[in-house]
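Numbering follows full-length UniProt numbering, with no gaps: position 239 of the first sequence is 239.
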Amino acid sequence: MSEYDPQALQAKWQQRWEELEPFRAGEDAADTRERRYMLDMFPYPSGDLHMGHGEVFAIGDVVARYWFQRGYNVLHPIGWDSFGLPAENAAIKRNAHPAEWTYANIETQATSFRRYGISFDWSRRLHTSDPEYYRWNQWLFNRFFERGLAYRKGGLVNWCPNDQTVLANEQVVAGKCERCGADVIRRELTQWYFKITDYAERLLKDMEQLEGGWPERVLTMQRNWIGRSEGADVLFEIEGREEPVHVYTTRPDTLFGATFFVVAVDAALADEIVTDDRREEFEAYRAEVAKLSDIERLSTDKEKTGVFLGRHAINPVNGERIPVWAADYVLSDYGHGAIMAVPAHDQRDLDFALKFGLPVKVVVHTGLADPGETGEATPGEGSLVNSGPLDGLSKAEAIAKIIEILRAEGKGDASVNFRLRDWLLSRQRFWGTPIPIIHCLDCGEVPVPDDQLPVTLPDLRGEALAPKGVSPLASATDWVNVECPKCGGRAMRDTDTMDTFVDSSWYYLRYCSPGYTDGPFDVEQVRKWGPIDQYVGGVEHAVLHLLYSRFFTKVLHDMGMVDFTEPFLRLLNQGQVINGGKAMSKSLGNGVDLGQQIDAYGVDAVRLTMVFAGPPEDDIDWADVSPAASQKFLARAFRVMDDVASEPGVSFEGGDLELRKFTHRTIDEVTKLVESHRFNVAVARLMELTSAARKAIDSGPGAADPAVREAAEALAVMLSLVAPYTAEEGWERLGRTGTTVALAGWPVAEPALLVQDSVTCVVQVAGKVRDRLEVSPSISEDELRGLALGSDKVRAYLDGEPRKVIVRAPKLVNIVP
RNA sequence: GCCCCCGUAGCCCAAUGGCAGAGGCAAACCCCUUAAAAGGGUUGACGUGCGGGUUCGAAUCCCGCCGGGGGCACCA
């Protein structure tokens with residue numbers, strides 16, 4: 001009998017794993033094992049690992065280790081998402097280079113990961129801030145550029161005043177910077193974009209492949225974000241303007257109800273058509289709107305504002321003159337930046353109409369009161385009125401008919417619109433991938449030739465990195481001033497860096513051939529390993545990383561470099577680790593340190609606590625769980641394995657039948673539970689198995705019975721998914737020396753041992769349990785009915801013939817008196 | 001405001017149409033012990049947030065509330 005000492009086990013087995021390297025992915029082309037690709041979202045090296053990492057990686061490792069046990073050839077790599085702002089901010093503060101802070105943190109995390117016992121293939125490690133990684137960002141950028149998928153345009157963009165850089169739409173959450181929480185403002189800037197909108201339809205459609213594999217809420221968030229809608233484009237003449245103006249509407253059936261016309265205040269059209277006598281008022285209004293933060297501007301309960309532009313538009317179907325207004329509730333970058341306003345059937349238009357005394361014309365009879373009276377628009381279905389040829393039609397009929405009319409007259413057509421905007425990828429910061437473009441006065445935007453990549457970062461540090469609204473790269477004049485690759489004339493490098501979400505959009509492909517020098521990845525290796533079978537990470541990337549990565553995968557597919565169209569077949573979103581009902585934070589002083597928890601309870605106890613706390617997608621409140629209790633259980637399980645008195649290899653055949661059945665039933669259940677990601681329940685089953693073995697040793701057939709060994713060995717293997725150190729030591733104590741339990745092979749439940757001799761059948765009278773019968777599992781319905789009706793206990797509740805008898809052999813009979 | 005998810009024992013959670021409790025925490029008690037710790041064991045719902053409905057049978061399905069969490073929020 002020996003003590004369970006987690007810290008000693010960690011030291012011992014960590015070293016053994018480093019010698020054995022049990023988790024290296026098989027590279028042999030002749031390897032016929034089925035392959036599996038398991039990936040955890042790679043960490044940002046912000047410091048040491050924290051509790052959140054502890055949870056994700058513990059959960060991901062259950063899946064990876066299960067696959068190892070099943071004998072698959074598993075790819076389970078690790079790397080670091082090591083470009084990004086925190087390193088830059090730290091460098092400014094310490095007058096250092098961002099790389100120093102970054103790579104020191106990476107080493108700290110790597111050491112912690114090794115101690116944490118995650119089954120990584122360390123040979124494939126990568127860091128996105130390595131030139132050998134980011135050169136391929138640049139190479140990919142060039143390919144996107146060639147295909148017209150990377151382009152530069154001017155316009156209003158999201159600007160974070162705190163981080164001093166622009167942001168993509170996806171990185172603005174409720175008007176605030178996704179990173180730092182500052183209020184985002186709008187600025188007019190020329191920036192690089194990826195044309196993700198070209199892929200909107202496919203990004204939406206291909207989600208059908210992910211149905212069932214991804215959490216429904218992530219799919220919903222992406223669908224909402226892409227925001228597909230169907231409607232019509234309608235051409236309106238504007239008096240005094242040559243060209244007609246397009247508007248997009250999802251309700252072309254209400255065209256006869258348009259009583260005014262609104263142009264986005266920041267759209268070029270508004271500036272163009274405002275009449276001279278209205279210009280002063282318009283410009284004052286535009287300046288006022290520009291001052292508002294996104295939060296204020298986009299608030300739905302804000303009162304409508306706007307100005308009349310002095311012009312009229314002509315309704316194409318009835319020739320009515322309707323006034324043209326400018327307002328900030330119409331967005332310049334959606335649809336055509338202008339709308340037809342139908343106040344009777346759109347609440348926003350109605351609010352505007354009532355504020356400015358514009359007419360309200362009902363064209364859909366919904367049976368509800370007049371919106372002009374009530375102030376409540378009636379957007380619902382009904383039959384059309386006051387609409388000439390559409391009168392009497394339903395919404396669907398009217399839409400079909402009006403599109404037909406518009407098309408015939410060349411005044412419009414059916415149209416599809418998306419809420420998704422192009423991905424703004426340039427950033428005015430230092431610690432990222434330089435955009436490989438050279439600006440030449442004569443040749444324009446010239447990509448740096450592939451054979452001159454990577455464009456490495458200039459050596460800037462400390463104060464030189466301080467944000468000043470333009471990229472720090474601009475101050476490195478030696479670096480900036482270059483010859484044009486095309487004409488040899490004087491030219492300048494682009495001084496922006498790429499959004500770090502570019503790095504993470506394809507890293508999963510790089511893992512397939514991390515040292516590859518002829519391209520971002522070896523196409524053959526990606527064919528072998530891709531796509532990812534299981535991805536694990538936080539839900540906060542629902543419309544960020546996960547959307548971008550799907551987009552990249554589709555572009556690479558179109559380039560013929562990958563043969564799949566979706567990168568992540570299954571996605572698991574783990575919850576957060578909180579403490580006392582609140583997110584852990586320094587300011588609240590309620591932080592729990594992963595390293596300290598491990599020092600106090602051991603790696604296995606911490607991992608077990610993470611996995612056992614509840615369903616993986618639920619948050620874990622560390623105040624509700626008990627790593628000390630986890631440690632107790634592990635000690636208990638260890639003692640069971642240590643107490644086994646039979647020799648390894650002994651036949652289990654003659655072992656205690658009751659325990660054998662229990663063991664095999666547990667194997668069967670745990671297998672199903674692990675496969676369906678119900679890890680907390682699987683752990684509960686292992687606790688039961690441990691108790692059953694304990695009981696067999698103490699007050700049953702004894703420690704020498706082969707069934708006890710069978711139970712203990714199954715326990716060691718199954719426990720290895722969650723508590724690898726305890727499992728290894730237990731396995732060794734079981735006499736399985738010189739090997740690792742991680743590759744021992746998943747136990748197989750023998751069907752013969754899953755069969756029950758008898759089951760308890762519940763007999764109910766009017767839904768209440770009145771008797772229990774021990775019956776054969778294969779009993780027939782008729783026989784069971786007879787037994788139930790013959791029971792004295794049952795008959796006491798019956799007078800006369802029952803009205804109905806429901807038999808669900810072999811478990812239940814319900815008698816309706 | 002709209003949409004989605006969730007409410008089971010003091011707490012974390014099982015049970016997905018068939019006996020409300022698998023597992024854990026906490027609590028109480030018992031065994032072991034000179035004692036304590038460690039270890040082993042025993043004990044818990046009068047009904048699943050509330051009110052209706054469907055069904056032979058509902059935690060589970062449907063409707064309406066209440067409470068919690070999340071997403072979207074001028075996208076025409």
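The beta-carbon is built from N, C-alpha and C at its ideal position, and this holds for glycine as well.
As the structure is a prediction and not an experimental result, all values here were calculated from the model.
DSSP, reduced to helix, strand and coil, places residue 551 within a helical segment of the structure shown. Bridge partners of residue 79 according to DSSP: 126.
Contact between residue 257 and residue 344 holds, with the beta-carbon distance rounding to 5 Å and staying under 8 Å.
Shown here for residue 668: same chain residues with a beta carbon closer than 7 Å to its own, the five before and five after excluded, namely 749, 754 in chain order. Classified as buried, residue 734 has 16 or more neighbouring CB atoms from the shown chains inside 10 Å of its CB.
For residue 597, the uninterrupted alpha helix (DSSP H) run begins and ends at 594–601, by DSSP. Here the alpha carbon of residue 484 sits roughly 36 Å from the alpha carbon of residue 184. For residue 507, the enclosing alpha helix (DSSP H) covers residues 507–510. Its Cα nearest to that of residue 267, the residue 247 stands out among 251, 247, 253, 260. In the three-state reduction of the DSSP assignment, residue 750 falls in the coil class, being assigned neither a helical nor a strand state. Taking a contact as a CB-CB distance under 8 Å, the pair residue 140 and residue 520 counts as one, their CB atoms being some 6 Å apart. Here the alpha carbons of residue 117 and residue 28 stand approximately 25 Å from one another. In this structure, the straight-line span from the alpha carbon of residue 137 to that of residue 503 is close to 7 Å. Within the same chain, 43, 45, 48, 49 come within 7 Å of residue 109 by CB-CB distance, once the 5 residues on both sides are set aside. Counting of Cβ neighbours within 10 angstroms places residue 432 among the buried residues, the total reaching 16 or more. For residue 411, the secondary structure class from DSSP, reduced to helix, strand or coil, is coil.
Annotation for residue 664: the continuous alpha helix (DSSP H) segment containing it runs 657–675. When secondary structure is reduced to three states using DSSP, residue 66 falls in the helix class.
Taking C-beta atoms as the reference points, residue 704 and residue 659 fail to come closer than 7 Å.
The C-beta separation of residue 791 from residue 763 comes to about 6 Å, placing the pair in contact by the 8 Å criterion.
Three or more Cβ pairs closer than 8 Å define a contact, and the region 417–431 meets that threshold against the region 161–173. According to the DSSP assignment, residue 192 belongs to the beta strand (DSSP E) that extends over 185–194. Following the DSSP letters along the chain, one finds residue 483 inside the beta strand (DSSP E) bounded by residues 481–483. DSSP lists 761 as the bridge partner or partners of residue 773. Under DSSP, residue 260 takes part in a beta bridge, and its partners are 341.
Under the three-state reduction of DSSP, residue 226 is assigned to helix. Only residues of its own chain outside the window of five on either side were considered, and among them 749, 753, 754 have a CB closer than 8 Å to the CB of residue 665, listed in chain order. In this structure, the straight-line span from the alpha carbon of residue 202 to that of residue 541 is close to 19 Å.
The three-state secondary structure of residue 610, taken from DSSP, is helix. Within the DSSP secondary-structure output, residue 439 pairs in a beta bridge with 445, 492. Residue 15 counts as exposed, since fewer than 16 other C-beta atoms from the protein chains shown sit within 10 angstroms of its C-beta. Between residue 382 and residue 365, the CB-CB gap stays under 7 Å.
Beta-carbon to beta-carbon, residue 243 and residue 313 are separated by about 12 Å, too far to satisfy the 8 Å threshold.
Beyond the five residues adjoining it in sequence on each side, residue 378 comes within less than 8 Å, by CB distance, of 344, 345, 362, 364, 366, 368, 371 in the same chain, given in chain order. Under the three-state reduction of DSSP, residue 386 is assigned to coil, being neither helix nor strand. In this structure, residue 681 and residue 716 do not form a Cβ contact; the two beta carbons are roughly 20 Å apart against a cut-off of 8 Å.
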